[in-house]
Amino acid sequence: MSKEFYLIEYYRDIERIMNFISKFPDIEIWIIAKNGIIAKAYWKGLKTYIGKEPFIFTSNVKAIDGLNPDKAMILLCGLWWKNPVAQTEVFNKYLKQARFTMGIWDMVPKRSCIKFTEEGLQEFIKNSEYLQRAMKEME
1148 MSKEFYLIEY YRDIERIMNF ISKFPDIEIW IIAKNGIIAK AYWKGLKTYI
1198 GKEPFIFTSN VKAIDGLNPD KAMILLCGLW WKNPVAQTEV FNKYLKQARF
1248 TMGIWDMVPK RSCIKFTEEG LQEFIKNSEY LQRAMKEME
């Protein structure tokens, strides 16, 4: 697949997250990936766009009890299902009770390393209010 396709998918994910946060400003962000280190790497790519601090699931199954998923957006990143936490009954209940769950396509690049040169990506940005603001900030 082309670089253009992947960049468009990154920004579709980011735009969906931003739209949801704007509608529900009190939402908590939870991130799960194959392990805590990978989840933190996803967060590094996302934090440029999202000002909230997330709850990051590590591989420690004992650390997930007592969370309230009613105000949570759970971001399912990469191979999240291979995390031991994802195989627990408690986490599966969280997935069902969360306000919003979303799979993140792939690792989101930092804004500073992205070059907007492809014609299709420019068209997508023209139709996105949030991305137009991000482009102005980069200049």
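With our numbering, letter number 131 in the sequence shown gets 1278, and the count goes up by one each step, no holes. Here a beta-carbon is modelled for each residue, glycine too, at the ideal position from N, C-alpha and C.
Can you have a look at residue i and say buried or exposed, based on whether 16 or more other CB atoms are within 10 angstroms of its CB?
i	result
T1264	Legend: pLDDT at T1264 = 45, less than 50; position of this residue unreliable, value from coordinates given subsequently. Burial call: exposed.
N1215	exposed
G1213	exposed
I1184	exposed
G1198	exposed
How far does the beta strand (DSSP E) with residue i in it extend, from its first residue to its last?
i	result
F1247	1247-1251
Identify the residues that DSSP records as bridge partners of residue i: which are they?
i	result
W1177	F1202, I1221
Checking 8 Å against the spacing of the C-beta atoms, do residue i and residue j come in under that value?
i	j	result
M1220	A1180	no
I1176	F1204	no
Taking the alpha helix (DSSP H) that residue i belongs to, which residues open and close that run?
i	result
N1239	1236-1244
A1233	Counting along the chain, A1233 falls outside any alpha helix (DSSP H), and DSSP gives it neither H nor E.
A1210	Looking at the DSSP string, A1210 is not in any alpha helix (DSSP H), and its letter there is neither H nor E.
I1185	1183-1193
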